[in-house]
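In order, the protein sequences belong to chains S and U. Start counting the first sequence at 5; every next residue gets the next number (the numbering used here). Start counting the second sequence at 310; every next residue gets the next number (the numbering used here). Note sheet for the following structure.
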Amino acid sequence: MKITRIIRQAPWRTRRQRVGAVLLAIVGTMMIAALYLSVASQATLVGREIQSLERESSSTKEENANLKTELARLLSYRAVNARSDVLGFHPAAAEETHYIVVPGYEGINPVNLTRSIPSSTSSSLLPTEYTQSLFEWFDARTRGASQ
Amino acid sequence: MRKEFAWRSLSLASIFAVIGILIIVQMVRIQTSVEAADFRDQTNRYKGWIENVYPARGEIYDRNGKLLAGNQSVYEVGVTLDDVESAQSIATILSTVLGLDYVNILDSINNANEEQVYLSLSDYVPAGEIAELERIKNDIENDPNAYDSLAGLSFREHLARSYPEETIAANIIGFVNRAGRGYFGVEEKYNDLLAGVPVQVWIPADPNRVEEIPQVPDGTTLILTLDRELQASVEEILDESLYTYGAESGSIIVMDPQNGEILAMASTPRLNLENYSDYELVFDNASEYNRAINMPYEPGSVMKILTMAAALDMGVVTPDTSYTDTGSFPVGGAVIKNWDEKAWGVQDMTGCLRHSLNICLARIAVEMGPENFYEYMSAFGIGHPTGIDLSGEAGGRLKVPGDSDWYPVDLATNSFGQGVTATPIQMMMAASAIANDGNMVTPHILYGMVRDSKQYDFPPQNAGRPISKETAYTLSEMLANSITGEDSLATIPGYRLAGKTGTAQIPTEYGWYSKDETNASFIGWGPVDDPQFMIYVWLEKPSVSVWASKTAAPVFAEVAEESVRILNVPPDFIRMQYAAEQQ
């Protein structure tokens, strides 16, 4: 005599498993989406900041050029001569000139303009987090962790 | 019970499915519709825009870091046509503040092309006038009862060339027009370096693509060999001397004979570079822009130092060689005479230079022979441009045997600087060999350049060695003795200088030389034992005296005095004393 027993899972158990799987997928997707959104929004914010800084840099450059020219006008030969005349100065004549030996003094050398120019920044200084995709970021993290 | 309500779920699902399908159908329809191209265009319009980026033009400094040419903000005034509410108000305000034509502005705004979005009305407007326009615009916007409206009026800032020293060194710097192209001088010669490379850039609106915007480097900054103080002083001396000696125009160059650095180069007339549009009012032709390099002339007796240098170098004469000056010397069917048409009796070579005797130099040239003479002149660079780094340099003319217009008498006249043309800068380069131990230096104006935060300084360039060190020394001594041995006006107390005057007759358009008009020149350098400066003076047609010894020589002394003061060259006895203490 062959006895066959059929065991059926309770319907509520099956439904719960399905709902659980769907929920798990939804939660997983949401986590990835949230992470991607977070990185993308940070990158966008930094991008906006860069755009704003570039505008500021361009405006500062123009202001700098204006100030340099203004300063040059104030220190121009004629302006300085006019001010020195008002103050009672005059160019030294040969008989008014005295020469003294100053140890270590090598005379006036032509200007070196690079002493006052700071090195320029470039966009390559941006952290990689702001330039790589989520997958590249994840790949870099996993590589870092494995090393 | 459950089956009774199943239809509700089915109905809801069906409705959502239909909505979904409708959305998809609509999407496909829009994508394939006639308007799809317009939509794509609109999308692309907001993706970004193309912009022409013009790098800021490189600045120009003197050797001490004084700004000679910089940049300054100016504004383009325009209207965004869709935003304009009252073209009449805009035209009225712009005509009042900027002096523009009311009718033209009104006409331009009202008759603008339908597709046109923006209309430029004026450019290169200075900041002061823009501030005034902005003030008026704000007043109108803040006044609720204002009848006028300047809506749509906008100002766009950009950089334009500015010359804070105005006329100083104008002949060397040149200028830049509104199209950004350099004319004359350094601005033209180094236009490509100064201007940088303009690029067309796609500017994405998406901040994530900000890195795609390329960095456009500014133009290269140039440092000139000029000393602004000396340049300004030399220009003042030149202007005064034109007045004092009644000369038509003139030119003065100060150069370091040891390395060819041009320390000052003045020429008349001069343009105020801030108003470069006056160019045509100031100059009759382009060669007048910088006479020192653009205008060859017959230099006269200053050329005698080259003839004497060649003769000494060849061994044809020594300082003690003497001859009897009879007052005339026949050559090639013509008779050469001295400047005073007199006979000077027995003279040695120092006397020959001191009294600037034409017959002496003509005899020497004939003795050298045309082949040797012209070979030396060519080695001195006569007849060739020097290669100075300024635009428009002229080469002068040295006729040589074999040329259709060369005659045997030219050998004699060329020996004392007639029948041959050269620019002042050519004469400087040639004479640098005498002041610099036989080594000729290429004159140059560029000291260095700054690019990518690095300064590159340029080494001096040797232009050949036409004479030996011994010849250079001997001739320097002869020239120093020749100007100290007489009542020369070309000396300054405390310094031993070498030099030579040159009074040249001017050829007329009819082919003969003018009796009343001369070119007065002087070339000299000092201190003789360690030359720090070489000065060339050229006064064109002085009316007070035709002789260079009375006009160009005192100007040379004045420039020399300024040069030693500004370049900090102590008097000879102090240098000697200091050198003795060091030993």
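Yeah, the Cβ is synthetic: ideal placement off N, Cα and C, and Gly gets one too.
For GLN55/S, at least one C-beta of chain U is nearer than 8 Å to its own C-beta.
Sorting GLU589/U, ILE571/U, GLY569/U and LEU572/U by C-alpha distance to the C-alpha of PRO578/U places GLU589/U at the top. By the neighbour-count criterion, in which 16 or more other beta carbons inside 10 Å mark a residue as buried, TRP834/U falls on the buried side. When secondary structure is reduced to three states using DSSP, GLN397/U falls in the helix class. When C-alpha distances from ALA744/U are compared across MET564/U, ALA326/U, GLU702/U and GLN340/U, the shortest belongs to MET564/U. A buried status is given to GLU368/U, since no fewer than 16 other beta-carbon atoms sit within 10 Å of its beta-carbon. In this structure, DSSP gives LEU407/U a state outside helix and strand, which the three-state scheme calls coil.
Chain-ordered listing is empty here: chain U has no CB closer than 7 Å to the CB of GLU60/S, the nearest sitting near 14 Å.
Unbroken alpha helix (DSSP H) stretches of 4 residues or longer found wholly inside the segment 535–609 of chain U: 537–554, 588–591 and 600–603, given in chain order. Chain-ordered listing is empty here: chain S has no CB closer than 9 Å to the CB of PRO863/U, the nearest sitting near 15 Å.
THR635/U carries a coil assignment under DSSP once its states are collapsed to helix, strand and coil. Contact check for GLY491/U against LEU503/U passes: the beta carbons are separated by less than 8 Å.
By the C-beta criterion, the segment 847–855 of chain U is judged to be in contact with the segment 541–559 of chain U, since at least 3 inter-stretch pairs fall below 8 Å.
With fewer than 16 other beta carbons inside 10 angstroms of its own, MET885/U counts as exposed. Secondary structure remark: continuous alpha helix (DSSP H) runs of at least 4 residues inside the segment 624–692 of chain U, in chain order: 658–663, 667–677 and 679–688. When secondary structure is reduced to three states using DSSP, TYR456/U falls in the coil class, being assigned neither helix nor strand.
Chain U has no Cβ within less than 8 Å of the Cβ of SER45/S. Using a Cβ-Cβ cut-off of 8 Å, ASN517/U counts as an interface residue toward chain S, since at least one Cβ of chain S sits closer than that to its own. Contacts with chain U at 8 Å (Cβ-Cβ) include ALA69/S. The Cβ-Cβ distance between MET574/U and ILE691/U does not fall below 8 Å. The beta carbon of GLU545/U is closer than 8 Å to none in its chain, skipping five residues each way along the sequence. Here the segment 439–454 of chain U makes no contact with the segment 416–431 of chain U; the two share fewer than three CB pairs at distances below 8 Å. Per DSSP, the unbroken beta strand (DSSP E) holding PHE831/U starts and ends at 822–835. The beta carbon of SER404/U sits closer than 8 Å to those of ASP410, TYR411 and ILE414, all from its chain and outside the five residues before and after it, given in chain order. For PRO523/U, the CB contacts under 8 Å within the same chain, skipping 5 residues up- and downstream, are VAL508 and VAL510 in chain order. Residues of the segment 371–382 of chain U with a Cβ closer than 9 Å to any Cβ of chain S, in chain order: ASP371, ARG372, ASN373, GLY374, LYS375, LEU376, LEU377, GLY379, ASN380, GLN381 and SER382. Look at SER80/S: its C-beta is under 8 Å from a C-beta on chain U.
Taking the C-beta atoms as reference points, PRO473/U is found no nearer than 8 Å to SER88/S. In chain order, LEU666, ASN667 and ILE668 place their CB closer than 6 Å to the CB of ASN647/U, counting only its own chain and leaving out the 5 sequence neighbours on each side. Taking a Cβ-Cβ threshold of 7 Å, none of the residues of chain U is close to ALA14/S; the smallest such distance is about 17 Å. A contact is defined here as three or more CB-CB pairs under 8 Å, and the segment 685–704 of chain U fails this definition with respect to the segment 651–666 of chain U. For ASN790/U, the enclosing alpha helix (DSSP H) stretches over residues 778–793.
Residue environment: GLU100/S is assigned as exposed (fewer than 16 neighbouring CB atoms within 10 Å of its CB, all protein chains considered). Interface with chain U (8 Å Cβ-Cβ cutoff): GLY51/S is included. In this structure, LEU117/S sits near VAL759/U, with a CB-CB distance shorter than 8 Å.
TRP358/U is bridged by DSSP to ILE512/U.
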